[in-house]
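Structure, as structure tokens:
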Amino acid sequence: MSLRVIQFLAVVFTALALVPAGAHLFELPNKIDLSRDVYQTVQGVYAGWAWLGIVDLTALIMNAVLAIKLRQQRLAFSFAVTAALCFVVFFAIFFTWTFPANQATANWTAMPDNWSGLRREWEYSHAVNAVVMLVALCSVTLAVITTRPD
2 MSLRVIQFLA VVFTALALVP AGAHLFELPN KIDLSRDVYQ TVQGVYAGWA
52 WLGIVDLTAL IMNAVLAIKL RQQRLAFSFA VTAALCFVVF FAIFFTWTFP
102 ANQATANWTA MPDNWSGLRR EWEYSHAVNA VVMLVALCSV TLAVITTRPD
């Protein structure tokens, strides 16, 4: 696969990964204080979003491949590595806070007694991940524009 194709795919998949993360960030102020029943109803809109993990994993892979391809170009390489590491951080945050909240609530179809704390963890982990995804997008873009032609 050519460098240009890898660059394109890394940018596109990173941008696609930012979309749901950004959506979560921007909806947070409107959702964080909802009542238990209303919050549970609203969370239903995320049914099926687990499939978006394919985009996140593909973005991680493409950014790692880009970093490998750019290993001879120090500046571009460092930006590509940063982008790939952002996805590692993203998954660490997801599996530390978001996924356990999903599990404890059966993807928000059941509301345990500690649902409010789980909501905070779920909402704020998504908000932090939106910032992480923005850093990833900026980093991969910088990797592309600082790449020297062969």
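Under our numbering, the first residue of the sequence shown carries the number 2, and numbering increases by one thereafter. No residue lacks a Cβ here, since even glycine has one placed at the ideal position from N, Cα and C. Computed from a prediction, not measured in an experiment: that's the story for all the values here.
M2: buried (16+ other C-beta within 10 angstroms of its C-beta) or exposed?
exposed
Within the same chain, show all residues whose beta-carbon is closer than 7 Å to that of V43, passing over the 5 residues directly before and after it, in chain order.
K32 and L35
What does the Cβ neighbour count give for V82, buried or exposed, with the cut at 16 atoms within 10 Å?
buried
With DSSP as the reference, label N108 as helix, strand or coil.
coil
Identify, in the order they occur along the chain, each residue of the same chain with its Cβ nearer than 8 Å to the Cβ of L17, setting aside the five sequence neighbours on each side.
Beyond the five residues adjoining it in sequence on each side, L17 comes within less than 8 Å, by CB distance, of V56 and A60 in the same chain, given in chain order.
Given a cut-off of 9 Å, decide if W123 and A102 are closer than it, judged by their beta-carbon atoms.
yes
Quick one: using the 10 Å Cβ neighbour count with 16 as the cut-off for buried, is Q8 buried or exposed?
buried
If you pair each beta-carbon of the segment 115-130 with each one of the segment 82-99, do three or more pairs fall below 8 Å?
yes
Enclosing alpha helix (DSSP H) for V39 [first to last residue]
Note, V39: alpha helix (DSSP H), R37 to Q44.
List the whole-angstrom C-beta distance separating A1 from F80, where the pair is believed to meet the contact cut-off of C-beta under 8 Å.
Lying outside 2 to 151, the shown extent of the chain, residue 1 is not represented and no answer is given.
By DSSP, does I33 sit in helix, in strand, or in coil?
Assigned with DSSP and collapsed to three states, I33 falls in coil, not helix or strand.
Just to check my reading of the structure: L135 and L19 have Cβ atoms closer than 8 Å, yes? What is that Cβ distance to the nearest angstrom?
About 6 Å separates the two Cβ atoms, so the contact holds.
So, are the CB atoms of V66 and A11 less than 9 Å apart?
Yes, Cβ-Cβ distance for V66 and A11 is below 9 Å.
What's the call for F27, buried or exposed, on a 16-neighbour Cβ count within 10 Å?
exposed
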